[in-house]
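Peer 1:
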Amino acid sequence: MPSAPDRVAAARQRHWRQSVRLSLSLLSVWAAVSLGCGVLFADALNGVRFLGCPLGFWFAQQGAIVTFVVLILIYAVWMGRLDRRLRAELEAIEQEQRS
10 MPSAPDRVAA ARQRHWRQSV RLSLSLLSVW AAVSLGCGVL FADALNGVRF
60 LGCPLGFWFA QQGAIVTFVV LILIYAVWMG RLDRRLRAEL EAIEQEQRS
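Take 10 as the starting number for the sequence shown in the numbering used here and just add one per residue.
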């Protein structure tokens with residue numbers, strides 16, 4: 010069985026990898042919506058009307074902002090879960106070390 014410091018380091022490493030993976034995933038969505046829908050594919054999306062305006066225009070003006078807010082909420086909730094999981098794991102290691 011690995012020593013307590015090794016287990017703590019492994020738990021923190023897992024937490025870091027999961028945090029980076031989450032950040033990169035959300036940044037990819039952000040880039041796809043802001044650059045893809047708002048700029049690169051705006052002409053194609055403008056053929057569709059959404060709430061009375063062209064969809065490409067809507068994404069560039071409002072859809073990207075709505076997406077950003079949703080991504081921030083997802084990040085906050087997910088990171089809260091990851092942090093609680095790490096905290097519980099570190100407390101379990103500390104508890105085992107005491108007994």
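Positions of the beta carbon are idealized from the N, C-alpha and C atoms, including for glycine. Note that the structure is a prediction, hence the values are computed from the model and not measured.
1) Output the distance between the C-alpha atoms of Ala13 and Ala85, rounded to the nearest integer angstrom.
2) How would you label Gly72, buried or exposed, when you count the other beta carbons within 10 angstroms and need 16 or more for buried?
3) Per DSSP, what kind of secondary structure is Phe68 in: helix, strand or coil?
4) Measure the beta-carbon distance from Leu54 to Cys62 and round it to whole angstroms, keeping in mind my assumption that it falls under 8 Å.
5) Does DSSP classify Phe77 as helix, strand or coil?
6) Considering only DSSP beta bridges, list what Cys62 is partnered with.
7) Among the candidates Ala20, Arg21, Ile102, Val48, whose CA atom is the shortest distance from the CA of Trp67?
8) If you drop the 5 nearest sequence neighbours on each side, which residues of the same chain put their C-beta closer than 6 Å to that of Phe113?
9) Which residue's Cα is closest to the Cα of Ala69: Ala20, Ala101, Val42?
Peer 2: Looking at the coordinates:
1) Across the structure, Ala13 and Ala85 are spaced so that their CA atoms are roughly 29 Å apart.
2) buried
3) DSSP places Phe68 in helix when its eight states are reduced to three.
4) Going by Cβ atoms, the distance from Leu54 to Cys62 rounds to 11 Å, so no, they are not a contact pair.
5) helix
6) Phe59
7) Val48
8) Because the chain spans 10 through 108 in this model, residue 113 falls outside it and cannot be assessed.
9) Val42
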